[in-house]
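From first to last, the protein sequence lines are chains A and B.
So the first sequence is numbered by our numbering: it starts at 462 and just counts up by one.
So the second sequence is numbered by our numbering: it starts at 12 and just counts up by one.
We put the CB at the ideal spot given by N, CA and C, even for glycine.
Note that the structure is a prediction, hence the values are computed from the model and not measured.
Heads up: the structure comes next, in structure tokens.
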Amino acid sequence: MNDLIRAFNAARIRYLLVGGQAMRLTGMPRFSMDWDFFIPPHDEANLARLNEILDDELDAPLVALGSHGENFVQTYQTRWGILQFHLGLPGVPRFDDAEAAAVTRHTEDSTPVKCLSGCHMLAAKKAADRPQDQADISFLEELQRLGKL
Amino acid sequence: MKITDDYNAKQRLWAANPVVVPAPAPVRLPAFKSRRFSSHAEMNEWKAALLRQLAQSLPSHE
């Protein structure tokens, strides 16, 4: 996965890691079976660069958000693992705002990864509010209380 | 240190000293083709079905 993220960074892909892997990179010991990326929903040049990098692994191209909300989440099983591209995120209205507030975290191998900020992550988790989000919310609120978010 | 009757204690302990732990590799995931969803609810429904399929495919411990 580090190879893919380094390729994203080298190609200046606009992405933000979100979800369970982003929680893990904030320091929560947590498992996730997929890698969730928030990407801008209508940036065709970004989608073209992503499709070029992922070319050999995709059985169907990554496409822009449809006019009726179709393609909101696109999921692929790849040699790097399950990749999920989110073209929208609950609690985070605009990608551009999230990108402006993004933080760089590091994998266990020191690969820099652009991640959704802690504040936006907390907002997204609260908006999703699934049973499996509750432990993440508790962890993020504690980081916030400690001034580490 | 012992903490009792506090389900959120572990989150507080982790937050006090955040450490990036290595990601374990998922195993035995069923193969699937790419999917496109129109909402997170639709995607979560599919993921729940995938996890049920994974549970059914696990070997018995008898």
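Compute the Euclidean distance between the alpha carbons of residue i and residue j, then round it to the nearest angstrom.
i: D557/A; j: P501/A; result: 8 Å
i: A523/A; j: L583/A; result: The sequence as given places Leu at residue 523/A; Ala does not occur at that position. L523/A and L583/A: Cα-Cα distance of roughly 27 Å.
i: R510/A; j: Q538/A; result: 19 Å
i: A20/B; j: I14/B; result: 7 Å
i: H529/A; j: R47/B; result: 13 Å
i: W541/A; j: M12/B; result: 40 Å
i: P551/A; j: Q593/A; result: 15 Å
i: Y476/A; j: V32/B; result: 22 Å
i: A42/B; j: E569/A; result: 27 Å
i: I543/A; j: L465/A; result: 12 Å
i: S578/A; j: V564/A; result: 5 Å
i: R491/A; j: F499/A; result: 19 Å
i: L69/B; j: E56/B; result: 21 Å
i: D517/A; j: R606/A; result: 44 Å
i: R473/A; j: L508/A; result: 12 Å
Is DSSP giving residue i helix, strand or coil here?
i: F600/A; result: helix
i: W57/B; result: helix
i: H529/A; result: coil
i: L457/A; result: Given that chain A is displayed from residue 462 to residue 610, the structure contains no residue 457/A and the question cannot be resolved.
i: F43/B; result: coil
i: L610/A; result: coil
i: R63/B; result: helix
i: D497/A; result: strand
i: L477/A; result: strand
i: H72/B; result: coil
i: L523/A; result: coil
Taking residue i as part of the alpha helix (DSSP H), name the residues at either end of that continuous run.
i: G480/A; result: G480 to T487
i: G579/A; result: G579 to A589
i: W25/B; result: A20 to A27
i: F469/A; result: N463 to A471
i: D557/A; result: F556 to A561
Measure the Cβ-Cβ separation of residue i and residue j and say whether it is below 7 Å.
i: H503/A; j: A525/A; result: yes
i: V553/A; j: A559/A; result: yes
i: L610/A; j: A26/B; result: no
i: P71/B; j: F533/A; result: Here residue 71/B turns out to be Ser, not Pro, going by the sequence shown. The answer is no: Cβ separation not under 7 Å.
i: G481/A; j: P29/B; result: no
i: Q64/B; j: F600/A; result: no
i: P573/A; j: H567/A; result: yes
i: M484/A; j: D590/A; result: no
i: Q545/A; j: D495/A; result: yes
i: I514/A; j: A468/A; result: yes
Residue i lies in the beta strand (DSSP E); which residues open and close that run?
i: F546/A; result: G542 to H547
i: H567/A; result: V564 to H567
i: K575/A; result: P573 to C576
i: V534/A; result: V534 to T539
State yes or no: is the C-beta of residue i nearer than 6 Å to some heavy atom of the ligand MN?
i: D520/A; result: Among the ligands in the structure shown, none appear at all, so the ligand MN cannot be discussed.
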